[in-house]
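Going down the list, the sequences are from chains A and B.
Our numbering puts the first residue of the first sequence at 40, with every later residue one more than the last.
Our numbering puts the first residue of the second sequence at 765, with every later residue one more than the last.
Glycine residues also receive a C-beta, built at the ideal position from the N, C-alpha and C atoms.
Input: a single structure, listed below in structure tokens.
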Amino acid sequence: QKEVEQDPGPLSVPEGAIVSLNCTYSNSAFQYFMWYRQYSRKGPELLMYTYSSGNKEDGRFTAQVDKSSKYISLFIRDSQPSDSATYLCAMSAGDGNKLVFGAGTILRVKS
Amino acid sequence: GAGVSQSPRYKVAKRGQDVALRCDPISGHVSLFWYQQALGQGPEFLTYFQNEAQLDKSGLPSDRFFAERPEGSVSTLKIQRTQQEDSAVYLCASSLGLGNTIYFGEGSWLTVV
């Protein structure tokens with residue numbers, strides 16, 4: 040079993056929908072939680088960065104971390120075709136450096 | 765430069781050939797990372813430098829993989845005697861240091877034939 044599990048999708052939604060992306064993990068030492076967006080043939084781009092449990096909102100994006108359930112989520116409101124990409128969750132332990140990634144979820148937003 | 769720069773972007777190597785992949789981190793970033801991303805998978809950690817010191821190389825898959833950062837800036841990932849299973853995207857990333865945001869380059873796409 041991998042340390043971080045993420046449904047690879049693809050997830051297909053209509054434009055304007057609310058998208059929910061999730062990851063589960065097994066290592067209770069993880070304290071830093073991130074969501075990256077990766078377009079085809081590009082490097083991962085940081086979307087959200089959260090330390091420990093709680094919610095964080097940035098524009099159309101909301102990240103949630105539930106350490107008791109070892110479960111993190113990313114919500115995208117009013118999804119746009121330009122949001123079509125692979126979304127990677129990533130996390131690290133106390134040193135905040137070595138990242139462990141999920142496999143990525145492919146999201147397709149149809150206009 | 766404005767971002768992490770990697771070269772070459774694309775490399776086709778014959779099995780058994782040695783390759784070298786270069787990374788130019790963001791200016792002033794002391795931390796530098798190499799990750800390997802197989803098709804359809806998330807990136808996997810290879811190695812980490814703080815300035816010129818290689819502090820963690822636990823992710824390097826074999827002794828054919830070697831990374832260096834001699835002056836604490838540019839880094840090179842070298843793969844000796846390439847095998848087909850080495851085909852992947854090699855991502856370089858950098859950050860200001862412990863706990864800071866990690867920025868990725870666009871990757872070097874290696875295909876071993």
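Task: Cutoff 6 angstroms; reference B:Glu849; Cβ partners in own chain excluding five residues on either side - done: none
- chain B contact for A:Ala142 (CB, 8 angstroms cutoff): Chain B contact via Cβ: present.
Quiz item: Taking Cβ-Cβ distances below 8 angstroms as the criterion, which residues of the stretch 75-93 of chain A are in contact with chain B?
Solution: Tyr75, Arg80, Lys81, Gly82, Pro83, Glu84, Leu85 and Tyr88
Quiz item: Given that A:Lys137 touches chain B, what residues does it touch there, using C-beta distances under 7 angstroms?
Solution: Phe809, Tyr812 and Asp820
TODO: Compute the Euclidean distance between the alpha carbons of B:Ala784 and B:Ser839, then round it to the nearest angstrom.
DONE: 10 angstroms
Output, in sequence order along the chain, the residues in the stretch 121-133 of chain A whose CB is closer than 7 angstroms to any CB in chain B.
Listed by position, the residues of the stretch 121-133 of chain A near chain B (Cβ gap below 7 angstroms) are Leu127.
Exercise. Starting from A:Gln181, trace the beta strand (DSSP E) both ways and give me its first and last residue.
Key: Any answer about residue 181 of chain A is impossible in this case: the structure gives chain A only from 40 up to 150.
Where does the unbroken beta strand (DSSP E) through B:Gln801 begin, and where does it stop? Ser795 to Gln801
Discussion item. Taking 8 angstroms as the threshold (beta carbon to beta carbon), is B:Ile866 in contact with chain A?
Written reply: By this cut-off, B:Ile866 is an interface position.
- Message: Would you say the beta carbon of A:Lys106 is closer than 7 angstroms to some non-hydrogen atom of the ligand NAP?
- Response: Questions concerning the ligand NAP fall outside what the structure shown contains, since it holds no ligand whatsoever.
With distances taken from CA atoms, which of A:Val104, A:Glu54 and A:Glu84 is nearest A:Thr125? Checking every option, the nearest Cα to that of A:Thr125 belongs to A:Glu84.
>> Tell me the residue span of the beta strand (DSSP E) that contains A:Pro53.
In response: Leu50 to Pro53
Practice prompt. Tell me, please, whether the CB atom of B:Ser858 is closer than 8 angstroms to any CB atom in chain A?
Written response: no
For B:Ala872, is the classification buried or exposed, using 16 other Cβ atoms within 10 angstroms of its Cβ as the cut-off for buried?
Per the sequence shown, residue 872 of chain B should be read as Ser rather than Ala. Buried.
In the DSSP assignment, what residue or residues form a beta bridge with A:Tyr75?
According to DSSP, A:Tyr75 bridges with A:Leu85 and A:Leu127.
* Asked: Among the residues of its own chain, which have a CB less than 6 angstroms from the CB of A:Asn61, if the five just before and after it don't count?
  -> The beta carbon of A:Asn61 sits closer than 6 angstroms to those of Ser112, all from its chain and outside the five residues before and after it, given in chain order.
| request: Under 7 angstroms between beta-carbons, which chain A residues line up against B:Gln805? List them in chain order, please. | output: Per Cβ cutoff of 7 angstroms: Ala142.
Checklist line | Contact list for B:Glu849 against chain A, beta-carbon separation under 8 angstroms | finding: Result: empty, since nearest Cβ-Cβ is about 18 angstroms, beyond 8 angstroms.
- prompt: Of all the CB atoms in chain A, is at least one closer than 8 angstroms to the CB of B:Ser795?
  reply: yes
Checklist line | Cβ of B:Leu855 within 8 angstroms of any chain A Cβ | finding: For B:Leu855, the answer is yes, since a Cβ of chain A falls inside 8 angstroms of its Cβ.
In the structure shown, what three-state DSSP assignment does B:Asp820 receive? strand
Subject >> Beta-carbon contacts of B:Ser851 that lie in its chain and below 7 angstroms, excluding the five residues immediately before and after >> reply: Leu874, Thr875 and Val876
- Item | Best match in A:Thr101, A:Gly143, A:Leu146 and A:Tyr88 for proximity to A:Phe114 [C-alpha to C-alpha] | Minimum Cα distance to A:Phe114 is reached at A:Thr101.
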